[in-house]
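Participant: Under full-length UniProt numbering, think of the first position of the sequence shown as 1, with each following residue one higher.
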Amino acid sequence: MAFDKKRKHSGEQAQAKRSQSKGGPKRQKTQNTEKHFVPVDELPWQTVEVPEMFDDAEGFYGLEEIQGVDVVREGDVIKFVAAVPKGKAGKKKDDKKAEDQKMEDNEDEFEGFDDTPEEESTPVETKAGDQKKEPKTKKKDAKDQKKEPKEAKKDGKKDAKKQKKPAPQPTEDPELESNLFTSLDTLPDIEPEEDVDTSEWAPLELSPDLVAAIGNLRFGKPTPIQARAIPEIINGHDVIGKASTGSGKTLAFGIPIVEKWLAKQAEGKEDEKKHPIAMILSPTRELAHQISDHLKKLCDGLTESPYICSVTGGLAIQKQLRQLEKADIIIGTPGRLWEVISTEIAVMNSIRQIDFLVVDEADRLLKDGQFKEAEDIIKALDRTRPGEEAEEDSDSDEEPTPKHNRQTLVFSATFNKALQQKLAGKARYNLMGEAESLEHLLKKLNFREAKPKFIDANPVSQMADKLKEGLIHCGDLEKDLYLYAVLLLQPTRRALVFTNAINTVRRLTPFLQNLGLPAISLHSDMEQKARLRSLEKFKADPPKNANPGSSVQAPILVATDVAARGLDIPNVDLVIHYHVPRSADDYVHRSGRTARATQSGVSIMLCGPKEDIPTQRLITKVHASTAASSGKPKKDLLGVQTIDIDRRLVSHLKPRVTLSKKITETTIAKEKGAKEDDWLKNAAEELGIELDEDEFEKVGSWKGKGSGKKQQEKQARAVGKQEVQKWRWELKELLKRRVNTGVSEKYLNGVDVEGLLRGVRSEFLGQVEGLGL
Ligand SMILES: Nc1ncnc2c1ncn2[C@@H]1O[C@H](COP(=O)(O)OP(=O)(O)OP(=O)(O)O)[C@@H](O)[C@H]1O
């Protein structure tokens, strides 16, 4: 019986393995890795750590993992077989080594966030022939592993009954021993996962290896956009794909790219000079890393797999260049990609030979600051020789004559008027029809075909099928209160709160934290490392609560629209729009962070009186086509339910919210004040001026716009430390106290939140049956 607790490699590990087999830098030290019996205390347990990029995060709650250990029963004795170097001490001694190894393994995969050049490592090349051998063994092993669970299930059931508790062996961690080994016979039988039936992929005529890899992801059938886009791409067409959020667009272009790569490998062209097969442009760094991870996961199940690399800001340029040199699939943000490839002729020449150019989230990418760089990249791809300009002028109205052989694939959930205006380079109110906008897209992207295939998998609604939408009307100054109420009453729902401003994220996060909720920030003004760490924290499961009676609150991410596009975070159940989104498209993308793939989710907008009209417009626009197809009047807020809040209960929460707001605002004002003081002092120093206290007070004070806020901040700064401490104490006491709902007596925090939720959830939120709240 094979005991492999963590059955799959993480993307990074697998990628590291792959790149090694493909002649990447040598990362594994030669050791005696033959399998042999290993005493239980020498098993190579590894602490599960957050990836290297989050090195100052706190790890995954002390969890440990082990891989590649076979459990062998000899009579009544259980033995463990593993490839641990003979004579090595137990896990603790191995930890350091494992860490070193991990660092080496990760060396090529994630390479730090600063751009300072690092010492060059000496790559050790292996022959192409070697590359092929290794994966074959891997496949065989994988097959064997697949078979094993079935046999194990048959034999294991018999054995489990007979099996006696193995003689306890000394371990360094008694808890581990008692939990995992001494009680083997008390463990429930683990049913091996059934193989997924992939027959519904057959019409797409993918190679068996790729279908098996898709099966490993447990995707039984293609999503509608995959079913329609994949054959067109495989048949060599340019494709513009539109499908609702969370509907699998990444694999709609990812699968054909990998399929083509496999076909090229099969043709045996590995002797030819290597060049990448695809370049994927993404609007945000997080999305680029996510696409890369998604494709790596797909490729994990392949015999041979392409080298995938992401090129985004915040990573070391020199190392990215080295990665680009061996990349098969490149995923990047336009700014950094342009920065890297525009300076390296060799890399540029190699990228010119790509078979696929993918523009993901095209409507977002082709606007704002990114548009120019995306255009530069596309133009550079079409130059025939280094330094030679492309013949066609992309701004001219004449049809471009493509000189390339690549397919262009463009995907998004929304192709909106803003994109049309942008592509047209026209004034704001000079809108165009769909046909014209596609023509412009065609011109800019220099499609290979005169008419790329336009596939709209969801022509009626842009919203995910299982998304429920709600609306809460409240006063402008009551948003914090209602936000708290909704979050408090949905403690098990992983929630994403969207705001329109970075400052609101900065304020809401501590505001919710003061109220005991696990809020995390994400906005574009944060360092890249902190951004990734926030996402990682948000993705992590909530810690097991030591106190069984109390509620475990799922994490809450408070973010700007930097998190609105493309991010595929598992199990986000609730999206709250603290500010009404600026556009219908933003609403679609924000709401699309929940109800992804086969899951359901809820999106709730908090709407102040001033936002009423824009909100109605926005919803009408989003649901216009649904309204048209159902024959109902447009003015109905179709599909969006108004949530009637029981104001009696909300009023009970008010004192806590008021205190938390005061604490937060005072703290922020003090921090801001300290920074401003520093700035003023520095400026005065620079100018050689000496400011006395009175002058210091006067500087920066004015009577114009914003002076009221300034005054408030000034007052907040004047609040003493002791006063703030008093508020904190009062809040703590309030948080301990029960809240009478006015309907029946229930607890609202610490003591019995879940009981409360079972009892009054629908009363509290009024008529919201359709939302499942
Ligand atoms: N055939 C499939 N069956 C089931 N799940 C799938 C399938 N293909 C992809 N998925 C899963 O669906 C989720 C959403 O996929 P993806 O991120 O590609 O969506 P998307 O359409 O690009 O969304 P967005 O518009 O928000 O970017 C992912 O978790 C992915 O693993």
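Don't be surprised by glycine CBs; every beta carbon is placed ideally from N, CA and C.
#1: For R228, which residues from the same chain have a beta carbon less than 7 angstroms from its beta carbon, with the 5 sequence-adjacent residues on both sides left out?
#2: Under three-state DSSP, which class holds I556?
#3: Does T598 pass the burial test, meaning 16 or more other C-beta atoms within 10 Å, or should it be called exposed?
#4: Closer than 7 angstroms to a non-hydrogen atom of ligand 1 - does that hold for the CB of F538?
#5: Between I277 and I329, what straight-line distance do the alpha-carbon atoms span, to the nearest angstrom?
#6: Is the CB-CB distance between K537 and P510 below 8 angstroms?
#7: Less than 7 angstroms separating the Cβ of L251 from some heavy atom of ligand 1?
#8: How do the segment 474-486 and the segment 646-657 stand: do at least 3 beta-carbon pairs fall below 8 angstroms, yes or no?
#9: Is residue 774 near ligand 1, going by C-beta to nearest heavy atom under 7 angstroms?
#10: DSSP three-state label for T312, please.
#11: Alpha carbon to alpha carbon, how far is R737 from L217? Give it in angstroms, no decimals.
#12: Cβ of P222 versus every heavy atom of ligand 1: is any distance shorter than 7 angstroms?
#13: Just the Cα atoms here: how many angstroms apart are K444 and E375?
#14: Pick helix, strand or coil for G220, following the three-state DSSP scheme.
#15: Would you report the Cα separation of K147 and F411, rounded to the nearest angstrom?
#16: When DSSP labels each residue in this structure, what does D360 get in the three-state scheme?
#17: Please identify the residue among L557, A213, G215 whose C-alpha is closest to the C-alpha of R494.
#18: My output table needs one value for Q513: the three-state DSSP class, helix, strand or coil.
#19: Let me know if R406 comes out buried or exposed under the rule of 16 or more other beta-carbons within 10 Å of its beta-carbon.
#20: Tell me whether S199 is buried or exposed, calling it buried when 16 or more other Cβ atoms sit within 10 Å of its Cβ.
#21: Can K596 be considered in contact with ligand 1, in the sense that its beta carbon sits closer than 7 angstroms to one or more heavy atoms?
#22: Quick check: what's the CA-CA separation for V124 versus I317?
#23: Sorry if obvious, but does the Cβ on A243 come closer than 7 angstroms to a heavy atom of ligand 1?
#24: Using the Cβ count rule (16 or more neighbours within 10 Å means buried), how would you classify D360?
#25: With distances taken between CB atoms, is the gap from T499 to H579 smaller than 8 angstroms?
#26: Can we count S247 as close to ligand 1, meaning its CB is less than 7 angstroms from some heavy atom?
#27: If you drop the 5 nearest sequence neighbours on each side, which residues of the same chain put their C-beta closer than 7 angstroms to that of R565?
#28: With three or more C-beta pairs closer than 8 angstroms as the rule, is the segment 341-351 touching the segment 247-255?
#29: Would you say the beta carbon of G226 comes nearer than 7 angstroms to a heavy atom of ligand 1?
#30: Taking the alpha-carbon of S247 as reference, which of S603, K726, A595, V622 has the nearest alpha-carbon?
#31: Within a Cβ cutoff of 6 angstroms, which residues of the same chain sit near V572, ignoring the five residues on either side of it in sequence?
#32: What is the DSSP secondary structure of R494, counted as helix, strand or coil?
#33: By alpha-carbon positions, which one of Q513, V562, S534, I377 ends up nearest to residue 786?
#34: Nearest by alpha-carbon distance to S350: which of E339, A327, G335 is it?
#35: Only counting the same chain, and skipping five residues up and downstream in sequence, which positions put a Cβ closer than 7 angstroms to that of S310?
#36: If I measure Cβ to Cβ from G608 and keep anything under 6 angstroms in the same chain, skipping five residues before and after, which residues do I get?
Facilitator: In terms of the structure at hand:
#1: As a working mapping, residue 228 is identified with position 228 in the sequence shown. These residues qualify, in order along the chain: I455, A457.
#2: Here residue 556 refers to the residue found at position 556 of the sequence shown. I556: strand per DSSP, three-state reduction.
#3: Taking the first residue of the sequence shown as 1, we reach residue 598 at position 598. Looking at its Cβ environment, which holds fewer than 16 other Cβ atoms inside 10 Å, T598 is exposed.
#4: For this step, residue 538 is matched to residue 538 along the sequence shown. F538: no, Cβ never under 7 angstroms from ligand 1.
#5: In the sequence shown, counting from the first residue as 1, residue 277 sits at position 277. In the sequence shown, counting from the first residue as 1, residue 329 sits at position 329. Pairing I277 with I329, the inter-Cα distance amounts to about 6 angstroms.
#6: The sequence position of residue 537 within the sequence shown is 537, counting from 1. The sequence position of residue 510 within the sequence shown is 510, counting from 1. No. Outside cutoff.
#7: The count along the sequence shown starts at 1 and reaches residue 251 at position 251. At least one heavy atom of ligand 1 is nearer than 7 angstroms to the Cβ of L251, so yes.
#8: Because the criterion of three Cβ pairs below 8 angstroms is met, the segment 474-486 and the segment 646-657 touch.
#9: Because the chain in this structure spans residues 1 to 773, residue 774 falls outside the shown range and cannot be described.
#10: Working through the sequence shown from its first residue, we reach residue 312 at position 312. In this structure, T312 counts as coil in the three-state DSSP scheme.
#11: One-based indexing of the sequence shown puts residue 217 at position 217. One-based indexing of the sequence shown puts residue 737 at position 737. L217 and R737: Cα-Cα distance of roughly 47 angstroms.
#12: Here residue 222 corresponds to residue number 222 of the sequence shown, with the count starting at 1. Judged by the Cβ position, P222 qualifies as a neighbour of ligand 1 at the 7 angstroms threshold, a heavy atom of the ligand being closer than this.
#13: One-based indexing of the sequence shown puts residue 444 at position 444. One-based indexing of the sequence shown puts residue 375 at position 375. Cα-Cα distance, rounded: 7 angstroms.
#14: The residue given as residue 220 occupies position 220 in the sequence shown. Looking at G220 - three-state DSSP - the assignment turns out to be coil, as it is neither helix nor strand.
#15: Indexing the sequence shown from 1 puts residue 147 at position 147. Indexing the sequence shown from 1 puts residue 411 at position 411. At K147, the pLDDT of 38 sits below 50, so the modelled position is not reliable; the number obtained from the coordinates is stated separately. For the pair K147 and F411, the Cα-to-Cα distance works out to about 39 angstroms.
#16: Numbered from its first residue, the sequence shown carries residue 360 at position 360. Looking at D360 - three-state DSSP - the assignment turns out to be strand.
#17: Within the sequence shown, numbered from 1, the residue matching residue 494 stands at position 494. When only C-alpha atoms are compared, the closest one is L557.
#18: Within the sequence shown, residue 513 is the residue found at index 513, counting from 1. In this structure, Q513 counts as helix in the three-state DSSP scheme.
#19: To locate residue 406, count along the sequence shown from 1; it is residue 406. Buried, by the Cβ-count rule.
#20: Position 199 of the sequence shown, counting from 1, holds the residue named residue 199. Flag for S199 reads exposed.
#21: Against the sequence shown, residue 596 aligns to sequence position 596. Residue identity differs from the one stated: residue 596 is Arg in this sequence, not Lys. For ligand 1, at least one heavy atom lies less than 7 angstroms from the Cβ of R596.
#22: Numbered from 1 along the sequence shown, position 124 holds the residue referred to as residue 124. Numbered from 1 along the sequence shown, position 317 holds the residue referred to as residue 317. Any reading at V124 must be qualified, since the residue scores a pLDDT of 26, below 50, and its modelled position is unreliable; no value is offered.
#23: One-based indexing of the sequence shown puts residue 243 at position 243. Result yes, Cβ under 7 angstroms from ligand 1.
#24: To locate residue 360, count along the sequence shown from 1; it is residue 360. Buried.
#25: Walking along the sequence shown from the start, residue 499 turns up at place 499. Walking along the sequence shown from the start, residue 579 turns up at place 579. Cβ atoms of T499 and H579: closer than 8 angstroms.
#26: What you label residue 247 is simply residue 247 of the sequence shown in a count that begins at 1. Yes, Cβ of S247 sits closer than 7 angstroms to a heavy atom of ligand 1.
#27: Indexing the sequence shown from 1 puts residue 565 at position 565. Same-chain partners within the cutoff: P283, T284, L287, E361, R364, H589.
#28: Three or more beta-carbon pairs separated by less than 8 angstroms are not found between the segment 247-255 and the segment 341-351, which leaves the two stretches without contact.
#29: Position 226 of the sequence shown, counting from 1, holds the residue named residue 226. Strictly speaking, residue 226 in this sequence is Gln, with Gly absent from that position. Yes, ligand 1 has a heavy atom inside 7 angstroms of this Cβ.
#30: Position 247 of the sequence shown holds residue 247. Ranking S603, K726, A595, V622 by Cα distance to S247 puts A595 first.
#31: Here residue 572 corresponds to residue number 572 of the sequence shown, with the count starting at 1. Closer than 6 angstroms at Cβ, skipping near neighbours: R494, L496, R593, T594.
#32: As a first step, residue 494 is located in the sequence shown; it is residue number 494 there, counting from the start. Residue state, collapsed to three classes: strand.
#33: Beyond the ends of the chain as shown, which are 1 and 773, falls residue 786; an answer cannot be given.
#34: One-based indexing of the sequence shown puts residue 350 at position 350. Residue nearest to S350 within the set E339, A327, G335 is A327 (criterion: CA-CA distance).
#35: Your numbering for residue 310 matches position 310 in the sequence shown. Once the five neighbours on either side are set aside, the close Cβ partners of S310 are A288, H289, S292, I331, G332.
#36: Within the sequence shown, numbered from 1, the residue matching residue 608 stands at position 608. Excluding sequence neighbours, G608 sits near D476.
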